[in-house]
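Protein sequence lines, in the order shown, are assigned to chains A and B.
Quick note on this note's numbering: the first sequence kicks off at 196 and runs consecutively.
Quick note on this note's numbering: the second sequence kicks off at 196 and runs consecutively.
Protein chains: 2
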Amino acid sequence: MKSLSIKDIAVKANVSITTVSFIINGKAKEKSISEAVIEKVEKIIEESGYKPNQIARSLRTGNSNIIGLIIEDISNSFFSRIARLIEDKAYKRGYKIIYSSTENSIDKAKELINMFKSRKVDAYIISPIKGIEEDIQMLLDDGNPVILFDRNLSDVNTSYVGADHFNASHQSIQSFIDQGKKNIALVTTDINVEQIIERYDGYKKALEDNGIKYDDKLVLKIHFNQEEGETIAQIQELFENKKIDAVLFATNYLAISGLKALKQINKKVGDDFGVIAYDDHEAFELHTPRISAVQQPLEEIAETIIKLILNQLSSKGKLPAEEVIIPARLVIRD
Amino acid sequence: MKSLSIKDIAVKANVSITTVSFIINGKAKEKSISEAVIEKVEKIIEESGYKPNQIARSLRTGNSNIIGLIIEDISNSFFSRIARLIEDKAYKRGYKIIYSSTENSIDKAKELINMFKSRKVDAYIISPIKGIEEDIQMLLDDGNPVILFDRNLSDVNTSYVGADHFNASHQSIQSFIDQGKKNIALVTTDINVEQIIERYDGYKKALEDNGIKYDDKLVLKIHFNQEEGETIAQIQELFENKKIDAVLFATNYLAISGLKALKQINKKVGDDFGVIAYDDHEAFELHTPRISAVQQPLEEIAETIIKLILNQLSSKGKLPAEEVIIPARLVIRD
DNA sequence: CGGCTACGCTAAAACGTTTTAGTCGATCAA
DNA sequence: TTGATCGACTAAAACGTTTTAGCGTAGCCG
Numbered sequence: 196m197k198s199l200s201i202k203d204i205a206v207k208a209n210v211s212i213t214t215v216s217f218i219i220n221g222k223a224k225e226k227s228i229s230e231a232v233i234e235k236v237e238k239i240i241e242e243s244g245y246k247p248n249q250i251a252r253s254l255r256t257g258n259s260n261i262i263g264l265i266i267e268d269i270s271n272s273f274f275s276r277i278a279r280l281i282e283d284k285a286y287k288r289g290y291k292i293i294y295s296s297t298e299n300s301i302d303k304a305k306e307l308i309n310m311f312k313s314r315k316v317d318a319y320i321i322s323p324i325k326g327i328e329e330d331i332q333m334l335l336d337d338g339n340p341v342i343l344f345d346r347n348l349s350d351v352n353t354s355y356v357g358a359d360h361f362n363a364s365h366q367s368i369q370s371f372i373d374q375g376k377k378n379i380a381l382v383t384t385d386i387n388v389e390q391i392i393e394r395y396d397g398y399k400k401a402l403e404d405n406g407i408k409y410d411d412k413l414v415l416k417i418h419f420n421q422e423e424g425e426t427i428a429q430i431q432e433l434f435e436n437k438k439i440d441a442v443l444f445a446t447n448y449l450a451i452s453g454l455k456a457l458k459q460i461n462k463k464v465g466d467d468f469g470v471i472a473y474d475d476h477e478a479f480e481l482h483t484p485r486i487s488a489v490q491q492p493l494e495e496i497a498e499t500i501i502k503l504i505l506n507q508l509s510s511k512g513k514l515p516a517e518e519v520i521i522p523a524r525l526v527i528r529d
Numbered sequence: 196m197k198s199l200s201i202k203d204i205a206v207k208a209n210v211s212i213t214t215v216s217f218i219i220n221g222k223a224k225e226k227s228i229s230e231a232v233i234e235k236v237e238k239i240i241e242e243s244g245y246k247p248n249q250i251a252r253s254l255r256t257g258n259s260n261i262i263g264l265i266i267e268d269i270s271n272s273f274f275s276r277i278a279r280l281i282e283d284k285a286y287k288r289g290y291k292i293i294y295s296s297t298e299n300s301i302d303k304a305k306e307l308i309n310m311f312k313s314r315k316v317d318a319y320i321i322s323p324i325k326g327i328e329e330d331i332q333m334l335l336d337d338g339n340p341v342i343l344f345d346r347n348l349s350d351v352n353t354s355y356v357g358a359d360h361f362n363a364s365h366q367s368i369q370s371f372i373d374q375g376k377k378n379i380a381l382v383t384t385d386i387n388v389e390q391i392i393e394r395y396d397g398y399k400k401a402l403e404d405n406g407i408k409y410d411d412k413l414v415l416k417i418h419f420n421q422e423e424g425e426t427i428a429q430i431q432e433l434f435e436n437k438k439i440d441a442v443l444f445a446t447n448y449l450a451i452s453g454l455k456a457l458k459q460i461n462k463k464v465g466d467d468f469g470v471i472a473y474d475d476h477e478a479f480e481l482h483t484p485r486i487s488a489v490q491q492p493l494e495e496i497a498e499t500i501i502k503l504i505l506n507q508l509s510s511k512g513k514l515p516a517e518e519v520i521i522p523a524r525l526v527i528r529d
């Protein structure tokens, strides 16, 4: 069963294709189509269940009402939650979202950008990785709205929305120090992205501000794509061999692995061993004792992203890049 | 900067559009284009960075190399994990995935189907809800490959991939009984979908098989879209007012809420109070004590879905609907 | 009465591909 | 010599829309 086309409707209504198109697009009044014809055509459309072919539409108009969202990994709860919020908000404004994960692979990221480009998405929301600066610059040069989030790319002049990682990290470490902790570890990843570096810088600066000497041996950089088992082993090694009374995990999945590691070596979180995780997770609230965490304001981030995108879409000319840094919240538990 | 079209390439290479198209689509040999021309054109394409406009392609060929994935909620870890696996596997076979969440709204589900339809996706993977049978039937009538997963729709004759919810639930309850539990509660939702009903049936049957009388008061049906606070309150009420020594949560988010509820009223999970969650979650492994869970074999489900889809896509005629039920695994912890 | 504008509608071009049905010359078998 | 086949390529239709330009009639102004 072939699906209906505008032509079928035109024939049925005994009017021209043009007329039907005007009616579909709400230009009937403006183009002075008579009330009678409008009603007749609308009735036929209704009855036949005709839906315009969006592909033909896109081909003709050059836009798609689709926003492309490129993230690191949809199965990470930070991203899946933000994706959901963005999807929701975009949907309410008449936009659809297509998303896809890069898995931190430069090649896949490039491919995704190309795919979105050849599908003529109207705008791009990207949590980028180093190595795709050129591709992003090309999108910008072609006049596409692009918003980076979560991580910024300093070499390229785009709008960006993200949390204040430096301060959140600084504040976390400060809270440890205020509790009298001295030997504070940082478990982070080796991916070379801004927000991870900022968290590291915040850690360092807080130590310095309090006259505590930075010790390289207390910082563990986990290789990004490795097996969880190995991660756990490395973390255990850190905790068993060093004198440590507090630790900041730079991502929520590291914190999860870290908590598993602690559990296995039977080291308890508590007054004499503090833990803070960056990015909250359901498991932290449930853990005994409950784990403190830095919460990124997801709702606000999503809302800001959508606002910036819509601004850019509705303005003809290019808008100046805008950076929005949103404070993160340290939630102290138990 | 307008993007290049096949015509630009043709002009540059001084050949016809047709020739370029043949080369792009690997039909050069078959259409006996000379080696020299092939090389020349390929070089020009390479240098200019030309990418075919997929929209025009789709319009002409009627397919898109895109598979539409419709799920309940991307921020639920079960779905986001399966989405990631499906995306990955599809990607390796040259297909892209577009996904979107229904939020259990019939209207949104219908809209999504229409959106995918008008974008001419090649196939549909849907975790359906009751009320969209007709829409799915229409997709089938139009000859589209459709695979349902997670939940089946008995009124419509589609392929389906899902876990064996009845047995998993039965087995869970049986394990409680084997431990000597007598008053076993079930916390489930009121959404009227097959897999939830099967879990309920498994619960009932296991009690019956062991000569335990089914007690309506031990079954709590949580309204789907309600606030978490209310859910927690209801669960607390259940536990405080009834004599209960074990509970099966029918979804992982209910289990999360349930554990929060238990924590607040300071009821400990342990030998005299057993908990099993349906669908595993990182929080369960980390909980003290660790929480047992029914694991759906995500990897296998994703793989099976993709296989069925590809089979249908590559066979011309319609294939008979196929139901694949995959056993779930009860993981007993601590 | 001639020229304008408004009304109600439509023909046809354009968007960027794929694909069918050729064309034109050269080679080949009979 | 002729008809068929092959090699190398191409013109043009088609996919389903949107949109520009325009057509014929009627009413109105001066």
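Yeah, the Cβ is synthetic: ideal placement off N, Cα and C, and Gly gets one too.
Pair within 8 Å by beta-carbon distance, residue i and residue j
{"i": "B:Ser296", "j": "A:Arg279", "result": "yes"}
{"i": "A:Leu493", "j": "B:Ala478", "result": "no"}
{"i": "A:Lys284", "j": "A:Glu498", "result": "yes"}
{"i": "B:Phe344", "j": "B:Gly326", "result": "no"}
{"i": "B:Ile239", "j": "B:Lys207", "result": "yes"}
{"i": "A:Ala472", "j": "A:Ile486", "result": "yes"}
{"i": "A:Ile439", "j": "A:Ala380", "result": "yes"}
{"i": "B:Val442", "j": "B:Val470", "result": "yes"}
{"i": "A:Gly501", "j": "A:Ile521", "result": "In the sequence as presented, Gly is not what sits at residue 501 of chain A; that position holds Ile. No. Outside cutoff."}
{"i": "A:Ala251", "j": "B:Leu254", "result": "yes"}
{"i": "B:Ile430", "j": "B:Ala456", "result": "yes"}
{"i": "A:Ile171", "j": "A:Leu508", "result": "Lying outside 196 to 529, the shown extent of chain A, residue 171 of chain A is not represented and no answer is given."}
{"i": "B:His365", "j": "B:Lys412", "result": "no"}
Residue i versus residue j: straight-line alpha-carbon distance, rounded
{"i": "B:Glu230", "j": "B:Ile219", "result": "14 Å"}
{"i": "B:Asp350", "j": "B:Glu328", "result": "7 Å"}
{"i": "A:Asp330", "j": "A:Thr256", "result": "24 Å"}
{"i": "A:Gly424", "j": "B:Asp467", "result": "32 Å"}
{"i": "B:Pro515", "j": "B:Leu334", "result": "15 Å"}
{"i": "B:Lys463", "j": "B:Leu415", "result": "20 Å"}
{"i": "B:Arg528", "j": "B:Phe444", "result": "15 Å"}
{"i": "B:Asp474", "j": "B:Leu402", "result": "21 Å"}
{"i": "B:Tyr293", "j": "A:Asn387", "result": "It should be pointed out that residue 293 of chain B corresponds to Ile in this sequence rather than to Tyr. Whole-angstrom Cα-Cα distance: 29 Å."}
{"i": "A:Ser200", "j": "A:Lys303", "result": "36 Å"}
{"i": "A:Lys458", "j": "A:Pro484", "result": "12 Å"}
{"i": "A:Lys291", "j": "A:Val316", "result": "10 Å"}
{"i": "B:Lys226", "j": "A:Ile265", "result": "38 Å"}
{"i": "A:Arg524", "j": "B:Lys377", "result": "45 Å"}
{"i": "A:Ile417", "j": "A:Leu348", "result": "22 Å"}
{"i": "B:Pro247", "j": "A:Phe361", "result": "43 Å"}
Which of helix, strand or coil DSSP assigns to residue i
{"i": "A:Ala318", "result": "strand"}
{"i": "B:Gln249", "result": "helix"}
{"i": "B:Gly357", "result": "strand"}
{"i": "B:Ile471", "result": "strand"}
{"i": "A:Ile504", "result": "helix"}
{"i": "A:Thr499", "result": "helix"}
{"i": "A:Ala488", "result": "strand"}
{"i": "A:Phe419", "result": "coil"}
{"i": "A:Val178", "result": "The question about residue 178 of chain A has no answer, for chain A in this structure spans 196 to 529."}
{"i": "A:Leu307", "result": "helix"}
{"i": "B:Gly263", "result": "strand"}
{"i": "B:Val388", "result": "coil"}
{"i": "B:Leu525", "result": "strand"}
Per DSSP, the bridge partner or partners of residue i
{"i": "A:Arg255", "result": "Answer by DSSP bridge pairing: none, since A:Arg255 is not bridged."}
{"i": "A:Glu518", "result": "A:Tyr355"}
{"i": "A:Phe444", "result": "A:Val382, A:Ala472"}
{"i": "A:Ile292", "result": "A:Ile262"}
{"i": "B:Ile342", "result": "B:Ile320, B:Ser354"}
{"i": "B:Lys414", "result": "Note that residue 414 of chain B is Val in the sequence shown here, rather than Lys. In the DSSP output, where bridge partners are listed per residue, B:Val414 has B:Leu381."}
{"i": "B:Gly465", "result": "B:Phe468"}
* **chain A contacts made by the stretch 245–259 of chain B, where a contact means CB separation under 8 Å** => For the stretch 245–259 of chain B, the beta-carbon criterion of a distance under 8 Å to any beta-carbon of chain A is satisfied by Lys246, Pro247, Asn248, Gln249, Ile250, Ala251, Ser253, Leu254, Ser259.
* **Within 7 Å of chain B by C-beta, residues of the stretch 398–421 of chain A in sequence order** => Listed in sequence order: no entries.
* Scan the stretch 275–291 of chain B for residues whose Cβ lies nearer than 7 Å to a Cβ of chain A and list them as they occur along the chain. => Under the 7 Å Cβ criterion, the stretch 275–291 of chain B contributes Ser275, Arg276, Ala278, Arg279, Glu282, Lys291.
* Asked: Just by C-beta distance, which residues in the stretch 304–331 of chain A are closer than 8 Å to chain B?
  -> So the close ones are Asn309, Met310, Lys312, Ser313, Arg314, Lys315.
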